[in-house]
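Chemist:
Residue numbers (the UniProt record's numbering): 1 to 588.
1) Taking 8 angstroms as the limit between beta carbons, can you name the residues of its chain near residue 345, skipping five residues before and five after?
2) For my contact list, residue 71 and residue 175 are in at a C-beta cut-off of 8 angstroms; report their separation, rounded to the angstrom.
3) Which residue from 150, 414, 68 puts its Cα closest to that of residue 252?
4) Taking the continuous beta strand (DSSP E) assigned at residue 93, which residues delimit it?
5) Which value, in whole angstroms, describes the spacing of the CA atoms of residue 115 and residue 234?
6) With a Cβ-Cβ cutoff of 8 angstroms, do residue 455 and residue 426 count as a contact?
7) Quick check: what's the CA-CA separation for residue 42 versus residue 491?
8) Tell me the rounded alpha-carbon separation between residue 21 and residue 291.
9) Going residue by residue through the region 104-154, where are the continuous beta strand (DSSP E) segments of at least 3 residues, counting only ones entirely within it?
10) Give the range of the beta strand (DSSP E) segment to which residue 160 is assigned.
11) If I measure Cβ to Cβ from residue 561 and keep anything under 8 angstroms in the same chain, skipping five residues before and after, which residues do I get?
12) Tell me which residue opens and which closes the beta strand (DSSP E) that residue 416 is part of.
13) Looking at residue 64 and residue 55, is the spacing between their C-beta atoms short of 8 angstroms?
14) Pull up the distance between the alpha-carbon of residue 301 and that of residue 100, whole angstroms please.
15) Could you round the C-beta distance between residue 281 and residue 462 to whole angstroms and report it? I think they count as a contact, below 8 angstroms.
16) Can you list, in chain order, the stretches of the beta strand (DSSP E) that have 3 or more residues and sit fully within the region 33-66?
17) Decide yes or no for the touch test of the region 504-512 against the region 92-107: beta carbon pairs closer than 8 angstroms, at least 3 of them.
18) With DSSP as the reference, label residue 241 as helix, strand or coil.
19) Taking residue 433 as the reference, give the member of 478, 530, 516 with the closest Cα.
20) Where residue 340 and residue 245 are concerned, what is the direct C-alpha to C-alpha distance, given to the nearest angstrom?
21) May I ask which residues mark the beginning and end of the beta strand (DSSP E) holding residue 547?
22) Do residue 480 and residue 330 have their C-beta atoms within less than 8 angstroms of each other?
23) Would you decide whether residue 130 is buried or exposed? Buried here means 16 or more other CB atoms lie within 10 Å of its CB.
24) What is the residue span of the beta strand (DSSP E) that residue 185 lies within?
25) What are the residues that DSSP puts in a beta bridge with residue 431?
26) Taking DSSP as the reference, what is the three-state secondary structure of residue 563?
27) Taking the alpha-carbon positions, what's the residue 126 to residue 570 distance?
28) Hey, how far is the Cα of residue 27 from the Cα of residue 557?
29) Would you decide whether residue 173 is buried or exposed? Buried here means 16 or more other CB atoms lie within 10 Å of its CB.
30) What number of angstroms, rounded off, separates the C-alpha of residue 170 from the C-alpha of residue 276?
Laid out in structure tokens, this is it:
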């Protein structure tokens, strides 16, 4: 009981301090005077790069989505598929073993120079992604089901995708890639002579046409990192300023093509003249900016700070406080290539060492729902039982069964690993400033110590943290992933083919999981899909690539000065381009 009190003191102490500091801010700081034509959005980290085909973080995604556009998009609130660059949702037909998806680009759609956006731009964008010389492995894997692309010879706005498979979410996946201008990167249209199918079948990359080398250089991440000349998209905004680790400023285009569209959905709205993304990694500092009027939207506010701000009548007068259930889940990642974590029994033991009730009720302050897999627990109706509860005795039994014992009686277990007696010592890493992940690490550190596991909790700045994950330089780490509101393709996270090129940074490799993922993605009819998902969830529970914690409720604070904010549990939590001054909305 003594160690639990220490955990509470350390965690609640931080929360109390944040509350008192917030109170001091309210008394001492003066609000910033500014125009409602500018919206200020919080980012917890710098995007790093804005390449539409290479970005991996939601911090970059929300910016990229204001610069570039795809054929289709999801309504952030209703999750309905909406046409963006497409004039309407596509028609889909299946003949023999192939599926044909027919799109037509909106007649109003134009690039900034006034030239029309056509099917040739769609085809060019697919070929850029498929180019084997380009360092775009994640995006390339997402369009691998598209065999070929054909532009209508009579109407260049019409384009047909020829698909060899019918993946999960076929319609949305076929239109969910950003379109870039062909004429800017291939003014001689050389790439038109190379078919998408030919690019996909290449096994030897020697002696390829110069255009492929040129495009690979053009779309290299370094070119797009901190420069704006290449950030040319059909979106409503252009990058005006980028101060690394401080802010990004987007300015609305004065003559944007979608202004001529009479019936606009959320993806075709662009109300603010300027969107300023303020990069503030420390949420205490972000709280200062919020209360000073330098932020209009922030999500993921730490629990104690959120509760404190919500109790203040002055803050309630200016801000709305929203807690939508997020389309995502928190977890502790287990590195399967770590010498001490290659055994399933050891990984299962770690899962029994998380005090889930304490985590939800105290650390999370009941702002979440327990989950035992990568899904929303409310949607499964109890079909997948929770396998792991806090059970130190069960953990001890599994560790003993796996050969762990404390021979020298120093309080730390040992085991022979690669011919050497090795103490059970791990490092749990998390991104600095994320107090929730820090608290999870402290909790696991304390509970693991009771059974003889020594865990060191280590914070790293975001760039270093992501490098550690990519290189496998960790034993355990705090993390979160998003899941799709309609259906999920987990290939990028759990398939062995995604170890080197996708999000499978825990190096999880399992033949049965791969087969289930392939069946879900390509072979399953609707009646069998639920069964395949259930089998997949049980297998992942047994193998423990991740220790699943909860589906959290977001903690969003948004200014009442705006309406039409589209608050949602989907990342990034709102749609900044739609923010409309309340006075303007009332006048209309």
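Backbone N, C-alpha and C define an ideal beta-carbon position, used for all residues, glycine too.
The structure displayed is predicted, hence computed values, not measured ones.
Modeler: Reading from the atomic positions:
1) Along the chain shown, one-based indexing puts residue 345 at 345. Around residue 345: 398, 399, 401, 402.
2) For this step, residue 71 is matched to residue 71 along the chain shown. For this step, residue 175 is matched to residue 175 along the chain shown. Yes, residue 71 and residue 175 are in contact; Cβ-Cβ is about 3 angstroms, under 8 angstroms.
3) Counting from 1 along the chain shown, the entry for residue 252 is found at position 252. Minimum Cα distance to residue 252 is reached at 68.
4) Here residue 93 corresponds to residue number 93 of the chain shown, with the count starting at 1. Here the beta strand (DSSP E) through residue 93 covers 91-95.
5) As a first step, residue 115 is located in the chain shown; it is residue number 115 there, counting from the start. As a first step, residue 234 is located in the chain shown; it is residue number 234 there, counting from the start. Cα-Cα distance, rounded: 11 angstroms.
6) Numbered from 1 along the chain shown, position 455 holds the residue referred to as residue 455. Numbered from 1 along the chain shown, position 426 holds the residue referred to as residue 426. Yes; because the gap between Cβ atoms is below 8 angstroms, this pair is in contact.
7) The count along the chain shown starts at 1 and reaches residue 42 at position 42. The count along the chain shown starts at 1 and reaches residue 491 at position 491. Cα-Cα distance, rounded: 30 angstroms.
8) Numbered from 1 along the chain shown, position 21 holds the residue referred to as residue 21. Numbered from 1 along the chain shown, position 291 holds the residue referred to as residue 291. Low per-residue confidence applies at residue 21: pLDDT is 43, beneath 50, and the placement is therefore not dependable, though the value from the model is reported in the following sentence. Looking at the two C-alpha atoms, the distance is approximately 12 angstroms.
9) 146-151
10) Translated into the one-based positions of the chain shown, residue 160 becomes position 160. Its beta strand (DSSP E) spans residues 158-163.
11) The residue given as residue 561 occupies position 561 in the chain shown. Closer than 8 angstroms at the Cβ level, and outside the excluded window around residue 561, lie 36, 296, 318, 581, 582.
12) Taking the chain shown and counting its residues from 1, one reaches residue 416 at position 416. For residue 416, the enclosing beta strand (DSSP E) begins and ends at 414-417.
13) Taking the chain shown and counting its residues from 1, the one referred to as residue 55 is at position 55. Taking the chain shown and counting its residues from 1, the one referred to as residue 64 is at position 64. One thing to note: residue 55 has its Cβ within 8 angstroms of the Cβ of residue 64.
14) Residue mapping note: residue 301 aligns to position 301 of the chain shown, counting from 1. Residue mapping note: residue 100 aligns to position 100 of the chain shown, counting from 1. Each residue's Cα considered, the two are about 45 angstroms apart.
15) Counted from its first residue, the chain shown places residue 281 at position 281. Counted from its first residue, the chain shown places residue 462 at position 462. With 8 angstroms as the limit, residue 281 and residue 462 qualify as a contact, their Cβ atoms being about 7 angstroms apart.
16) Those beta strand (DSSP E) runs which fall completely within the region 33-66 and span 3+ residues are 38-43.
17) no
18) Along the chain shown, one-based indexing puts residue 241 at 241. Here residue 241 sits in strand by DSSP.
19) Locating residue 433 in the chain shown gives position 433, where the first residue counts as 1. Considering only alpha carbons, the answer is 478.
20) Against the chain shown, residue 340 aligns to sequence position 340. Against the chain shown, residue 245 aligns to sequence position 245. For residue 340 and residue 245, the distance between alpha carbons rounds to 36 angstroms.
21) Counted from its first residue, the chain shown places residue 547 at position 547. Looking at the DSSP string, the run of the beta strand (DSSP E) that includes residue 547 is 546-552.
22) Within the chain shown, residue 480 is the residue found at index 480, counting from 1. Within the chain shown, residue 330 is the residue found at index 330, counting from 1. A Cβ-Cβ contact shorter than 8 angstroms links residue 480 with residue 330.
23) In the chain shown, residue 130 corresponds to position 130, counting from 1. Its Cβ being crowded by 16 or more others within 10 Å, residue 130 is buried.
24) Position 185 of the chain shown holds residue 185. Premise fails: residue 185 lies in the alpha helix (DSSP H), 182-185, not in any beta strand (DSSP E).
25) For the purposes of this step, residue 431 is taken as the residue at position 431 of the chain shown. According to DSSP, which records beta bridges pairwise, residue 431 is partnered with 460.
26) As a working mapping, residue 563 is identified with position 563 in the chain shown. Three-state result, residue 563: strand.
27) As a first step, residue 126 must be located in the chain shown, where it is residue number 126. As a first step, residue 570 must be located in the chain shown, where it is residue number 570. Approximately 26 angstroms between the Cα atoms of the pair.
28) Counted from its first residue, the chain shown places residue 27 at position 27. Counted from its first residue, the chain shown places residue 557 at position 557. Below a pLDDT of 50, predicted positions are generally treated as unreliable, and residue 27, at 40, falls in that range; the measurement from the model is reported next regardless. Roughly 19 angstroms between the two C-alpha positions.
29) Counting from one through the chain shown, the residue named residue 173 turns up at place 173. Residue 173 should be labelled buried.
30) To locate residue 170, count along the chain shown from 1; it is residue 170. To locate residue 276, count along the chain shown from 1; it is residue 276. Answer to the nearest angstrom: the Cα atoms are 35 angstroms apart.
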